[in-house]
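There are 2 protein chains.
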Amino acid sequence: MSNHYDSAPSAYSYPLIIKQLLNRAKTVSTEQEIIYADKLRMTYADFFKRIAKLANVLESLNLDKGDVIAVMDWDSHRYLESYFAVPMSQYVIQTVNVRLSPDKVLYTLNHAKSKVLMVNSEFAPLVANYQFENSSIEHIIWLDDNGTSVEGVFGVNQARVLGEYESLLAAASDQFEFQDFDENTIASTFYTSGTTGDPKGVFFSHRQLVLHTLTEAASLGTLPDKQGVSLGDVYMPLTPMFHVHAWGFPFTATMMGLKQVYPGRYAPDSLLDLIKNEKVSITHCVPTILQMLLQAAQARGQKFDGLRMIIGGSRLTEGLAKAALAEDIEVYTGYGMSETAPLISLTAFSKTDPEMTEEEDISRRCMTGKPVMMVDAEIWNDSQDSLPHNGKETGELVLRAPWLTQSYFKNDDAGRELWAGGYMHTQDIAYMEADGTIKITDRLKDVIKSGGEWISSLEIETILSLHPSVDDVAVIGIRDAQWGERPLAAIVLKPGCQDTTADDIKAIAEQAVSRGMIPKYGVPSQFKFVDSLPKTSVGKHDKKVMCELYADQKGI
Amino acid sequence: MSNHYDSAPSAYSYPLIIKQLLNRAKTVSTEQEIIYADKLRMTYADFFKRIAKLANVLESLNLDKGDVIAVMDWDSHRYLESYFAVPMSQYVIQTVNVRLSPDKVLYTLNHAKSKVLMVNSEFAPLVANYQFENSSIEHIIWLDDNGTSVEGVFGVNQARVLGEYESLLAAASDQFEFQDFDENTIASTFYTSGTTGDPKGVFFSHRQLVLHTLTEAASLGTLPDKQGVSLGDVYMPLTPMFHVHAWGFPFTATMMGLKQVYPGRYAPDSLLDLIKNEKVSITHCVPTILQMLLQAAQARGQKFDGLRMIIGGSRLTEGLAKAALAEDIEVYTGYGMSETAPLISLTAFSKTDPEMTEEEDISRRCMTGKPVMMVDAEIWNDSQDSLPHNGKETGELVLRAPWLTQSYFKNDDAGRELWAGGYMHTQDIAYMEADGTIKITDRLKDVIKSGGEWISSLEIETILSLHPSVDDVAVIGIRDAQWGERPLAAIVLKPGCQDTTADDIKAIAEQAVSRGMIPKYGVPSQFKFVDSLPKTSVGKHDKKVMCELYADQKGI
């Protein structure tokens, strides 16, 4: 006999929607501050009103539920407000990667079928030549910090401009009744580039983001204070908010009711001022930003007072970790990717860690760490068998977690591949230690990560191969102290073309940049002319061998 | 146009079921220890095998999904294994409150229609006279630490005895494939007593328990280290595991992969030994247990080395808090109840708390604290209007959270009342400060909480009124240093019965105890003979006035 447990008719079944993340802050943190660089300070009480105002502005557009609202902005209070108001109004926020080439930015807007574009005046050039008449974008909201007028910027499409963000908010009511709805409603989308072909759209539901937020708070909260997050911390992102929800931290910090600082454009001196003056105590970034901060801080003799910094996006090197620790930055590693919302693993500190040497301590901070709660991580061989965690056997890291993208948007083939066998494929090759430490050794996908951004080897190869002197070309990633990895192009010239120089080849890459086909950072930093390229037994470029031949070590 | 975000066919949609709480521990904590008093030590790797073994034992009974398995045990490794294996096998675990009167214990078993009874030999007397032939219980599993034989214990029902727990596990396979299923499947049930009438059954789904666990880790994790929970902590419950999932901590500690200590019966000296020898660093209990520990520790000169202790169930008094802090126990308050799974609020420490006097610090540790993440707490007046949080306006504390019982089991009327207006009614009268601090001032329900257990005033009044000399009687709770509250009976004797003594009246209460009608702690500690009882304008007993008249202060 099975029992039936009936719910009371008016029992609240509590959907896991983003609005619920505000429950504690609404009661506990109304006087806490949210700061936008040197431009704006407000309390959470103001923030809640501004979310309501933004919701009213969006409602006036008569959009349909599920419509996409694209944001192109620096890390700002506006972005934070959009993180909440857009999905809480049952629209989808598209966080546009403004570092992509203009071609790809436009591709992602078109592909997502965004109806509203919230664009910072500084990014207007990226979309200036956008064919709005053929696009889904019906409304433009102008974001501006410099007094730049939107007049005439969009030419014949000027009528699509709804107005400037602050003016629109000022005119809107600060009351809005956010409804409950299905927690599986999609809340956010953005595009991941770097692998071959067009950028691929990932997407996350309210439920997924709520579960990511709770688990992030639990995972970072249960680290010892020196490394973890606690009530009383001050948060500032140093990973752009268009990058995988800035590691989900804006949601987590808001749920916790922390003081938050949004820095705008990442200029080293103003970042250092904010860290110092606002007492920022926790942040996250790619190694390139850390390096930039260290250099700037050294120049002015600023220390970091135990600032906790989670490094993701590219591998933290031992040298950089050591330099950061010397400046009193508690630096360690988080691992994740666009498809994973992103948190998957963290360096696992414990109050009962055994004594370790400085070298051992630094080494573990640079590893991929251990899976966080709820994450089911396995290492699979080619036959999808789970391999033992013995620190030796190597295979693909595959995942289950409550917050993984369930496919790629309108790309079923890639989605099927992503989820082959019921686990999400990271395309990272790894082994695991008996204590759950993941060690990534290689990448399945042929991509290069420079300053936290993906570069597709194939795409650069295709462009370079258009040069009339090029017979064969391969682009590989080589370890770079500043950017993590940088592309190196290995080129075989056609017979009789031996006069062709690196600058000749580079010119065609720069031409592709100026045409918006590839981003600036896609231009290889090194060109190496060789007689032939190493091949695998089946005749493919053997990039593993190339990495050994052409660089001291491959960047991972 | 709304977009459609299709999932890949083999994408894993990740139900929030209890099995997922093990994901991290299975990878990271296989060598970590779980300890049962001085009787057993095992690793998590053993624990996972034993869960599989228990699942195999249960599977051999050919139960239906949703069948109830009742557990009557001290806090043990067996209980922990049942917390996981029972719901993970799609059965419902009933955690039986063994402190209730035998009548009520049997009532709860019957009402829940338990099919399996896992009973510790020390509790066998409670169910010895149970009419198994008329009951739902088909199988009995014998739990024993003392070599007590089950032979003959159950008389004609001996055939229902499946065997002794450890022997059954020893014979079972340690492989079991736990399936996925609907996260809204009910996982646990137990009964709350104290208000008038029969005990009421609350119930919680897998989803609710997973969300409670994540939020508990996030809420306690983000407290500063001195008060919160971190990786490396050692957990021991001091709230019985039949009481609201021991505050959910066994789930939380397991998810985190902490070292765990289960103490068995709460004997002061063995508890102190375990705390010292196993380096227990976090626990939770009612004030009565804290007081018992302090006394025992004083006798042997043991200090507590920063042991964090969350007090719930009854109000922590300033005097007790001060005494605990003096012995180096980091003591503070958690608030919740059977209906709330239970976590609702915690004393909120922050790294940036302003300097405060010892008195202020102690005072906040004794308050109900601030709502934890995800909890939507309001103060309602009688018209269900939400009152402002101004530290003044008083009403009923009502709640929404992802883990509140959705009704009472087979008691729709009480369930409707619980959820009147779409918020869960705590029956606690409170106000809130502007910073979210909840201050409970009174209780709507006429109950007394003694040593963490509810006593129904009405029930005791009914029994005392059966004495032939009693004309009128009222039972109220008065503050008690050891038990939190104790019942006081105010009695008006009939004319000509003035010779009746307190002992005469007490005898009838003790008679009710011996007949299993009320628990021992239901016998009033004080009997007060009065000429008349104060009444309200509508002629009801005015218990507020009585509390002022008969005691220095009413216990809350």
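These protein sequence lines map, in sequence, to chains A and B. Read left to right, the first sequence gives residues 0 to 555 (numbering that gives the first Met the number 0). Read left to right, the second sequence gives residues 0 to 555 (numbering that gives the first Met the number 0). Glycine residues also receive a C-beta, built at the ideal position from the N, C-alpha and C atoms. What you are looking at is a predicted structure, and each value in this text was computed from that prediction instead of being measured.
Note down, in chain order, every chain B residue with its Cβ under 8 Å from the Cβ of residue i.
| i | result |
| --- | --- |
| A:Tyr11 | Arg399, Leu403, Trp418, Gly421, Tyr422 and Met423 |
| A:Val386 | One detail in the question is off: residue 386 of chain A reads as Leu in this sequence, not Val. Simply none; closest approach about 13 Å. |
Could you name the residues of chain A that residue i contacts, counting a contact when the two beta carbons are closer than 8 Å?
| i | result |
| --- | --- |
| B:Arg415 | Ala7, Pro8 and Ser9 |
| B:Tyr106 | Within chain A, no residue comes near B:Tyr106; the closest Cβ sits about 16 Å away, beyond 8 Å. |
| B:Asp232 | Lys350 |
| B:Trp224 | The identity of residue 224 of chain B in the sequence shown is Asp, whereas the question assumes Trp. Within 8 Å Cβ-Cβ: Pro223, Asp224, Ser229 and Lys350. |
| B:Asp411 | Asp5 and Ala7 |
Taking the alpha carbon of residue i as the reference point, which residue from the options has its own alpha carbon closest?
| i | options | result |
| --- | --- | --- |
| A:Phe83 | A:Ala111, A:Lys103, A:Lys112 and A:Lys48 | A:Lys48 |
| B:Asp375 | B:Tyr13, B:Ile92 and B:Arg399 | B:Arg399 |
| B:Gly421 | B:Thr461, B:Ala413, B:Val397 and B:Thr251 | B:Val397 |
| A:Ser187 | A:Val209, A:Thr346 and A:Leu167 | A:Val209 |
| B:Pro486 | B:Asp498, B:Lys350 and B:Ile454 | B:Ile454 |
| A:Tyr129 | A:Thr393, A:Asp144, A:Trp402 and A:Phe153 | A:Phe153 |
| A:Gln383 | A:His424, A:Gly263 and A:Ala217 | A:His424 |
| B:Met255 | B:Gly495, B:Ala217, B:Leu386 and B:Leu15 | B:Ala217 |
| B:Gly451 | B:Ile459, B:Asp479, B:Leu492 and B:Ser148 | B:Asp479 |
| A:Val118 | A:Ser134, A:Lys103 and A:Val97 | A:Val97 |
| A:Leu116 | A:Asp381, A:Ser81 and A:Gly146 | A:Ser81 |
| A:Arg264 | A:Arg23, A:Ile459, A:Glu132 and A:Thr238 | A:Thr238 |
| B:Gly435 | B:Pro401, B:Lys391 and B:Ile50 | B:Lys391 |
| A:Lys565 | A:Thr107, A:Ala413, A:Ala419 and A:Arg364 | The requested residue 565 of chain A is not part of the displayed model; chain A covers only 0 to 555. |
| B:Leu105 | B:Ala323, B:Arg514, B:Glu176 and B:Ser468 | B:Arg514 |
| B:Val155 | B:Gly146, B:Ser166 and B:Ala127 | B:Ala127 |
| A:Thr527 | A:Val472, A:Pro249, A:Ala340 and A:Lys493 | According to the sequence as given, residue 527 of chain A is Lys; it is not Thr. The shortest C-alpha separation from A:Lys527 is found at A:Val472. |
Contact check, residue i vs residue j under 8 Å by CB: the rounded distance?
| i | j | result |
| --- | --- | --- |
| B:Ala252 | B:Gln259 | 5 Å |
| B:Tyr164 | B:Arg77 | 6 Å |
| A:Asp327 | A:Gly300 | At roughly 13 Å, the Cβ-Cβ gap does not stay under 8 Å, so A:Asp327 and A:Gly300 are not in contact. |
| B:Ala511 | A:Leu230 | Not confirmed; about 48 Å, so no contact. |
Using the beta-carbon of each residue, which ones in chain B are nearer than 7 Å to residue i?
| i | result |
| --- | --- |
| A:Gly435 | Thr26 and Val27 |
| A:Ala488 | Those do not exist, as A:Ala488 stays about 35 Å from chain B at its closest Cβ, beyond 7 Å. |
What residues from chain B crowd round residue i, counting only those whose CB sits closer than 9 Å?
| i | result |
| --- | --- |
| A:Asn22 | Pro370, Met372, Met373, Val374, Asp375, Ala376, Arg399 and Ala400 |
| A:Thr556 | Residue 556 of chain A lies beyond the residue range present for chain A, which begins at 0 and ends at 555; the question has no answer from this structure. |
| A:Ala347 | Val27 and Leu230 |
Chain A partners of residue i, CB-CB under 7 Å?
| i | result |
| --- | --- |
| B:Thr221 | Ala216, Gly220, Val228, Ser229, Leu230 and Met255 |
| B:Ile185 | Tyr4 |
Give the interface partners of residue i over in chain A, defined as CB-CB distance under 9 Å, in chain order.
| i | result |
| --- | --- |
| B:Phe83 | Those do not exist, as B:Phe83 stays about 15 Å from chain A at its closest Cβ, beyond 9 Å. |
Problem set entry | Complete runs of the beta strand (DSSP E) confined to the stretch 303 to 374 of chain B [at least 3 residues] | 306 to 310 and 328 to 334
For this session: List in chain order: all unbroken alpha helix (DSSP H) runs of 4+ residues lying wholly within the stretch 362 to 440 of chain B.
Result: 411 to 417
Problem set entry | Unbroken stretches of the beta strand (DSSP E), 3 residues or longer, contained in the stretch 166 to 190 of chain A | none
Problem set entry | 3 or more residues per run - each beta strand (DSSP E) lying fully within the stretch 106 to 161 of chain A | 113 to 119 and 138 to 142
Exercise. Counting Cβ pairs closer than 8 Å, one from the stretch 501 to 518 of chain A and one from the stretch 390 to 409 of chain A, do we hit at least three?
Worked result: no
Problem set entry | At least three beta-carbon pairs within less than 8 Å, the stretch 369 to 377 of chain A to the stretch 233 to 252 of chain A | no
Exercise. If you pair each beta-carbon of the stretch 109 to 128 of chain B with each one of the stretch 61 to 78 of chain B, do three or more pairs fall below 8 Å?
Worked result: yes
For this session: Entirely within the stretch 233 to 275 of chain A and at least 3 residues each: give me those beta strand (DSSP E) ranges in chain order.
Result: 258 to 261
Problem set entry | Residue ranges of each alpha helix (DSSP H) within the stretch 3 to 82 of chain A, 4 or longer | 22 to 27 and 43 to 58
Exercise. Taking one C-beta from the stretch 305 to 316 of chain B and one from the stretch 276 to 292 of chain B each time, how about it: are there three or more such pairs within less than 8 Å?
Worked result: yes
For this session: Could you say if the stretch 215 to 227 of chain A and the stretch 221 to 232 of chain B meet the contact criterion of at least three C-beta pairs nearer than 8 Å?
Result: yes
Exercise. Does the stretch 69 to 81 of chain A come within contact of the stretch 290 to 297 of chain A, defined as at least 3 CB pairs closer than 8 Å?
Worked result: no
Problem set entry | the stretch 127 to 147 of chain A in contact with the stretch 82 to 97 of chain A per 3-pair CB rule at 8 Å | no
Exercise. Can at least three beta-carbon pairs, one atom from the stretch 541 to 550 of chain B and one from the stretch 475 to 492 of chain B, be found at a separation below 8 Å?
Worked result: yes
For this session: Tell me, please, whether the stretch 262 to 280 of chain A touches the stretch 28 to 41 of chain A by the rule of three or more beta-carbon pairs shorter than 8 Å.
Result: yes
Exercise. Is the number of C-beta pairs between the stretch 383 to 393 of chain A and the stretch 530 to 545 of chain A that are closer than 8 Å three or more?
Worked result: no
Exercise. Is the stretch 455 to 472 of chain A touching the stretch 429 to 443 of chain A, taking contact as three or more C-beta pairs under 8 Å?
Worked result: no
Exercise. What are the complete beta strand (DSSP E) segments, minimum 3 residues, inside the stretch 495 to 526 of chain B?
Worked result: none
Exercise. Hey, is the stretch 51 to 65 of chain A in contact with the stretch 20 to 27 of chain A, meaning 3+ C-beta pairs nearer than 8 Å?
Worked result: no
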